[in-house]
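Notes follow once the structure below has been shown.
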Amino acid sequence: MLKDTELGSHPKVQFRCSKCKKITIVELKLRPDQTVVMSPLPSFARGNASSSALKLPPMDPGLKLPPNANVVLTVMSGREKGSVHKLSKPRVVLGRNDADIPLDDPEISRYHCLLEVRETHINLKDLDSTNGTFYDEERVRAAMLKDGTEFRVGSSRIRVTFEPK
């Protein structure tokens, strides 16, 4: 068994089988944007952790839903593929269990990211999630989303659309 601690930062590892004497080379490919699945989850990442209270700054008065459109989030991939969430308020949190929009995805944090609607666009903000929030497959702390754009949290890819009322 190869252990990460023994491999260190080597890009390749070569070893010889003790039985057949065959040499094998293992190439380690780690991408900085790769989602890491931790099992078992540490206590701070569990949905029932008591120290994970969400503390958001006060709501900006400039946040408002568009008057002539519904803001809709459609899950394009992941466990909840095909589910649709129509926003009823201009500021929502995506995450597990207690979030405004809960997603059944073990790779997302309890409070994963924040969406703030400003009529024609949405500000996406990562809430210091364990596995990150991705826009154009790059890990981001924040991004501006427009009609038709997609972002990813865990294994869930989500499309934002502004649908006429």
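Residue numbering for the sequence shown follows our numbering, beginning at 27 and increasing consecutively.
C-beta: ideal position from N, C-alpha, C; glycine also.
In the same chain as Phe160, and ignoring 5 residues on each side of it, the C-beta atoms closer than 8 angstroms to its own belong to Asp59, Val166, Phe177, Arg178 and Val179, in chain order. Annotation for Pro190: the continuous beta strand (DSSP E) segment containing it runs Ser182 to Pro190. The three-state secondary structure of Ile148, taken from DSSP, is strand. The C-alpha of His147 is placed about 17 angstroms away from the C-alpha of His111.
Sequence-distant Cβ neighbours of Phe188 in its own chain, meaning closer than 7 angstroms and more than five residues away, are Pro92, Ala95, Val97 and Asp173. Counting only the Cα atoms, Ala168 lies some 11 angstroms from Glu142. For Lys112, the three-state secondary structure derived from DSSP is strand. The alpha-carbon of Ser44 is positioned some 42 angstroms away from that of Arg105. Assigned with DSSP and collapsed to three states, Lys45 falls in coil, not helix or strand.
Distances from the CA of Gly158 to each of Leu89, Pro190, Lys90 and Tyr137 were compared; the closest alpha carbon is that of Tyr137.
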